[in-house]
Ligand SMILES: [Zn+2]
């Protein structure tokens, strides 16, 4: 039988990699972390302006935590551990800021579409956004 009939399994290794739970976690971390570039690129191309969607930060957080676990419990490599030890801090902070921004968006009294917190007019129908158009939690905070 030709050797390529067994590809990608060679000598008990799949794609030349001896798999374990931590290898799966590490490669999954790589895949999740790498996928965030496509999410950001797609969002930017769609709007024709630089956009960083919340999903980018979720993928950054999940991927970096998987890679940190891989580095801590499998590789035991100080350089690798340090590379991912603190990256979760800006990822979580950006998710918190994104959450606050989403909650501060202004609903249009005419069509109900949410506009940016600083908007004076509805981005959909052009109606003037009044203070009463602020989300209820935003009104109670500012009064
Ligand atoms: Zn509107």
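Residue numbers (the numbering used here): 270 to 412.
Just so it is clear, CB atoms sit at the ideal spot from N, CA and C, and this is done for glycine as well.
Predicted model, so just to flag it, every value in this text is computed and none were measured.
Spatial neighbours of residue i within its chain, please: C-beta separation below 7 Å, excluding the five flanking residues on both sides.
| i | result |
| --- | --- |
| residue 413 | Here the chain covers residues 270 to 412 and nothing more, so residue 413 does not appear. |
| residue 325 | 305, 308 and 309 |
| residue 388 | 375 and 398 |
| residue 339 | 291, 294, 295 and 298 |
| residue 402 | Unreliable placement is indicated for residue 402, whose pLDDT of 46 sits below 50; the coordinate value is still reported in the next sentence. So the qualifying residues of the chain are 375, 376, 377 and 378. |
Verify the contact flag: residue i, CB atom, against every heavy atom of ligand 1, threshold strictly below 7 Å.
| i | result |
| --- | --- |
| residue 379 | yes |
| residue 396 | yes |
| residue 393 | yes |
| residue 293 | no |
| residue 467 | Only positions 270 to 412 of the chain appear in the structure, and residue 467 is not among them; the question remains open. |
| residue 382 | yes |
What are the boundary residues of the alpha helix (DSSP H) that includes residue i?
| i | result |
| --- | --- |
| residue 289 | Element bounds for residue 289: n/a, residue is neither H nor E. |
| residue 474 | Examination of residue 474 is not possible in this model, given that the chain is present from 270 through 412 alone. |
| residue 345 | Run containing residue 345: none; DSSP gives neither H nor E here. |
| residue 398 | Looking at the DSSP string, residue 398 is not in any alpha helix (DSSP H), and its letter there is neither H nor E. |
| residue 372 | 357-372 |
Ignore the nearest five residues each way along the sequence and tell me which others in residue i's own chain have a CB closer than 6 Å to its CB.
| i | result |
| --- | --- |
| residue 343 | 291 |
Which residues in the same chain as residue i place their Cβ atom closer than 8 Å to its Cβ, once the five residues preceding and following it in sequence are excluded?
| i | result |
| --- | --- |
| residue 382 | 376, 391, 392, 393 and 394 |
Does chain C have any CB closer than 8 Å to the CB of residue i?
| i | result |
| --- | --- |
| residue 399 | Looking at the structure shown, chain C is missing, and only one protein chain is on hand. |
Write down the C-beta distance between residue i and residue j rounded to the nearest angstrom, noting that I regard them as a contact closer than 8 Å.
| i | j | result |
| --- | --- | --- |
| residue 329 | residue 302 | 7 Å |
| residue 373 | residue 386 | 4 Å |
Are the region 321-336 and the region 350-361 touching, with three or more C-beta to C-beta distances below 8 Å?
yes
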